[in-house]
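S.K.: All letters in the sequence shown, in the order written, are residues 2 to 404 by our numbering.
Here it is, the structure in full.
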Amino acid sequence: MLKPIRYVLAPLHKEPTAVEFKYRGLERRVKIGYKCNPKRPIPSPHYFDPKMYKVESGKVILVVAGKGMGKTNLMRNIIQAYYRTTTNPIIVFQEKAGDLNFNRYPTLRQCMRLGIEYIRLAPPVGKNSVQRYLVPLRDKLKREEVKYKIPLCEMDYSSLEKYVSKRIGSTWAGMILERIWQNPRNIQNIHLLREAVYDELVKFEDDKLYEQMLLFLERFFQILEMDELLEVHKAVSAETIFDDQQINIVDLSDISDVEQKQFVVAQTLKMVERLYKRRECFIGITETHVYAPEAGSNPAKDAIVRLVTVLARSYGWIVFLETQSPDALERIVLENADEIYILGYIQKSKLSKLIKCSSVCFEGFVDKYYKVVEDIPKGRGIWGSVTNPTKPYLVQILRSPVG
Ligand SMILES: Nc1ncnc2c1ncn2[C@@H]1O[C@H](COP(=O)(O)OP(=O)(O)OP(=O)(O)O)[C@@H](O)[C@H]1O
Ligand SMILES: [Mg+2]
2 MLKPIRYVLA PLHKEPTAVE FKYRGLERRV KIGYKCNPKR PIPSPHYFDP
52 KMYKVESGKV ILVVAGKGMG KTNLMRNIIQ AYYRTTTNPI IVFQEKAGDL
102 NFNRYPTLRQ CMRLGIEYIR LAPPVGKNSV QRYLVPLRDK LKREEVKYKI
152 PLCEMDYSSL EKYVSKRIGS TWAGMILERI WQNPRNIQNI HLLREAVYDE
202 LVKFEDDKLY EQMLLFLERF FQILEMDELL EVHKAVSAET IFDDQQINIV
252 DLSDISDVEQ KQFVVAQTLK MVERLYKRRE CFIGITETHV YAPEAGSNPA
302 KDAIVRLVTV LARSYGWIVF LETQSPDALE RIVLENADEI YILGYIQKSK
352 LSKLIKCSSV CFEGFVDKYY KVVEDIPKGR GIWGSVTNPT KPYLVQILRS
402 PVG
C-alpha cells in the first residue's frame, strides 16, 4: 500500500543567527505583515513606509478590533517601524500598564516559532534607552520612569480655567487672571503669578468686592498648588519633557478619573503641537473612544479633532488611533481616517457607523468576509486605504519584534 506523502512546509524565515541592531531612521520601509487581494490570492508583504505618504496627505491610521485581537500589537509594530524609518518625534499614550515597552523582545525560541524578526532597536545617540516613560500621579518611580506634570507655563488660561473651576472665569478675579496670563513671564511659576496678581489687585482695594476677589484668588492658588497633575513651582519647558529621538510613552494607567485623563491627553497634544508644529510627528492613542466620544465635548476631543483634521493634513503628522467601539467614536475622526484596519470579528452593529462614515468602501466586503472565514486568528483582518478606496485587502499582521 502507498504511504501518504508528508509535506514539509519550508520555514518562512531563515533561522536567526545573530541579533540585528536597528538604528533610528536608516531604513526605507519595514514589513509589518502580509496582505492579499481576495480576487488574486497571492499574499504580498505589507510594509509600513512613511516616505510613501506625501506631507499634505498625512496619515490617520484607525484600528478597530475586539478585545485581545492585536490592536496594541499593531501599534507596537508601527511605532517600531516609524522609529526605524524616520527621525521624527514619537509621542504615545499608554492605557494599560505594561502595554508598551520597547526594551522588551521575544525570546529566540518565540522568534523562530512565530517567524518574528530577531532584532534590537538601537538607542538614539547619547541615550541609553530607546524609550522615555512619562508617568503622572505616581510617587514610587521605577528606574527609567520620569514624573510627568503639565507645566503651568505651557498652558493657556482658558483650559486651566475649565480644569480648575467653571466659576472663577466669570468673576472679576477670573478676568484679572486672564489679563495676567497674557504675559508669559507671569506664568513661569506660581510665585511670579501670585506677585503679578497682587500687583494688579492693588487697584481694586477700594472696591466692595475686594474681599471676595481675594478669597477666590487664594482658592485658585491653593487648588493649583495641591493638584498633582500640574507643575507650578518651576518653569519647565516642553523641550525638557519630551525627547525627539526617544519613544515618549505617556502612561495613563494610574489615573482613574476620566476627566483627568482627558486633561492630560489634551494638554500633552497642545504642548507637542507647540513644540513640533512644523515637524512631522507620530502620535499614538489607545482607547480613542474615551477621548473622542460621539456625545458631548471635552478638551481631548477638540485636540484629537484638530489632530486628524489639521495637523495630519497640514503638517504630515501620523496619527495612530485604536478603538474597540467604533460606534462610540466621533464622526469627524471616522471620516478622516486614511487607513483603516478591522482585525478579528466585530459585530455588524458596531461597524455600521464606520462603514457609513469612512472614506474607504467596506460596503459588502465585510459581510462577505465574515461569511467566508470562520475562526479568525489574531492579527488577521481587513485593511483599506483612501489611496485605493474601493479595494480593501485581507491582511495578516505579524507579531511585533519589539514592544
Ligand atoms: N499578529 C499576531 N500574531 C500572533 N499573535 C498575536 C498577534 N497579535 C496579537 N497577538 C497575541 O495576542 C495578544 C494580545 O494582543 P494585543 O495586546 O495586541 O491585543 P489588544 O487588541 O491590544 O487587546 P486589548 O483589547 O486587551 O488591549 C498578544 O499578547 C499576542 O500574544
Ligand atoms: Mg491593547
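Every residue, glycine too, gets a C-beta built ideally from N, C-alpha and C.
By DSSP, does ARG168 sit in helix, in strand, or in coil?
M.R.: Since pLDDT at ARG168 reaches only 48, below the 50 mark, its modelled position is unreliable, and no value is offered.
S.K.: Would you check whether ligand 2 has a heavy atom nearer than 6 Å to the C-beta of LYS278?
M.R.: No, ligand 2 has no heavy atom inside 6 Å of this Cβ.
S.K.: How many Å lie between LYS357 and GLU295 at the Cα?
M.R.: Roughly 15 Å separates the two Cα atoms.
S.K.: Please state whether DSSP places PHE205 in a helix, a strand or coil.
M.R.: Of the three classes helix, strand and coil, the one that applies to PHE205 here is helix, per DSSP.
S.K.: Drop a sphere of 10 angstroms on the beta-carbon of GLY71, count the other beta-carbons inside from all chains shown, and report buried for 16 or more, exposed for fewer.
M.R.: By the neighbour-count rule (16 or more Cβ atoms within 10 Å), GLY71 is buried.
S.K.: Going by beta carbon distance, what residues of the same chain come within less than 6 Å of MET214, once the five residues before and after it are set aside?
M.R.: Hits under 6 Å: TRP173, ALA174.
S.K.: Can you check which of these residues, PRO39, HIS234, LYS55, is closest to VAL374 by C-alpha distance?
M.R.: When only C-alpha atoms are compared, the closest one is PRO39.
S.K.: Rounded to the nearest angstrom, what separates PRO378 and LYS369 at their Cα positions?
M.R.: Roughly 17 Å separates the two Cα atoms.
S.K.: Given this structure, state the Cα-to-Cα distance separating ASN104 from GLY297, to the nearest angstrom.
M.R.: For ASN104 and GLY297, the distance between alpha carbons rounds to 38 Å.
S.K.: Go ahead and pull the three-state DSSP assignment for CYS362.
M.R.: Residue state, collapsed to three classes: coil.
S.K.: How far does the alpha helix (DSSP H) with PRO300 in it extend, from its first residue to its last?
M.R.: Unbroken alpha helix (DSSP H) run through PRO300: 300-307.
S.K.: In angstroms, rounded to a whole number, what distance separates the CA positions of ASP255 and GLU219?
M.R.: Taking the straight line joining both Cα atoms gives about 29 Å.
S.K.: Can you give me the C-alpha to C-alpha distance between GLU212 and VAL165, rounded to a whole angstrom?
M.R.: Roughly 21 Å separates the two Cα atoms.
S.K.: Taking all protein chains shown into account, decide if MET76 is buried (16 or more other Cβ within 10 angstroms of its Cβ) or exposed.
M.R.: Classification of MET76: buried, given that the 10 Å Cβ count is 16 or more.
S.K.: Nearest-angstrom Cα distance between SER350 and PHE205?
M.R.: About 60 Å.
S.K.: Considering only their Cβ atoms, is the gap separating GLN132 from GLN247 smaller than 7 Å?
M.R.: Yes; because the gap between Cβ atoms is below 7 Å, this pair is in contact.
S.K.: Assess contact between the stretch 120-137 and the stretch 310-329, defined as three or more Cβ pairs (one per stretch) separated by less than 8 Å. Is contact present?
M.R.: Taking 8 Å as the limit for Cβ pairs, the verdict is that the stretch 310-329 does not touch the stretch 120-137.
S.K.: What number of angstroms, rounded off, separates the C-alpha of ARG168 from the C-alpha of ILE177?
M.R.: Here the model assigns ARG168 a pLDDT of 48, short of 50, so the residue's position is not dependable, and the following value carries that caveat. So the two alpha carbons sit approximately 14 Å from each other.
S.K.: Tell me the rounded alpha-carbon separation between LEU355 and GLU336.
M.R.: Each residue's Cα considered, the two are about 8 Å apart.
S.K.: Per DSSP, what kind of secondary structure is PHE103 in: helix, strand or coil?
M.R.: Residue state, collapsed to three classes: coil.
S.K.: What residue from GLN111, ARG307, LYS278 has the CA that sits closest to GLU331's CA?
M.R.: Taking only the C-alpha atoms, the option nearest GLU331 is ARG307.
S.K.: With a cut-off of 8 Å on the beta carbons, I'd call VAL265 and LEU253 a contact; round off their distance for me.
M.R.: Right, the Cβ-Cβ distance comes to about 6 Å (below 8 Å), so this counts as a contact.
S.K.: Quick check: ILE319 and PHE283, are their CB atoms within less than 7 Å of each other?
M.R.: Yes, the pair counts as a contact, with Cβ atoms nearer than the cut-off.
S.K.: Which residue from VAL31, ILE181, ARG186 puts its Cα closest to that of GLU118?
M.R.: Of VAL31, ILE181, ARG186, the residue nearest in Cα terms is VAL31.
S.K.: Quick check: VAL396 and LYS36, are their CB atoms within less than 7 Å of each other?
M.R.: Contact flag set, yes.
S.K.: Going by alpha carbons, who is nearest to LEU63 out of THR287, ASN249, LYS55, ARG280?
M.R.: Closest option to LEU63, Cα to Cα, is THR287.
S.K.: Taking 6 Å as the line, does the beta carbon of THR324 fall inside it for any heavy atom of ligand 2?
M.R.: Flag unset: Cβ of THR324 not near ligand 2.
S.K.: Who are the near neighbours of ASN74 in its chain, counting only those whose CB is closer than 7 Å to its CB and skipping five residues on each side?
M.R.: Closer than 7 Å at Cβ, skipping near neighbours: GLY380, ILE398, ARG400, SER401.
S.K.: Distance check for HIS290 and TYR158, CA to CA, integer angstroms please.
M.R.: About 26 Å.
S.K.: DSSP three-state label for ALA66, please.
M.R.: Strand at ALA66.
S.K.: Under 7 Å Cβ to Cβ from VAL387, same chain only, skipping five residues before and after it: list those, please.
M.R.: Answer for VAL387: ASP339, SER360, VAL361, listed in chain order.
S.K.: Between the stretch 111-130 and the stretch 187-196, are three or more C-beta pairs nearer than 8 Å?
M.R.: Because the criterion of three Cβ pairs below 8 Å is not met, the stretch 111-130 and the stretch 187-196 do not touch.
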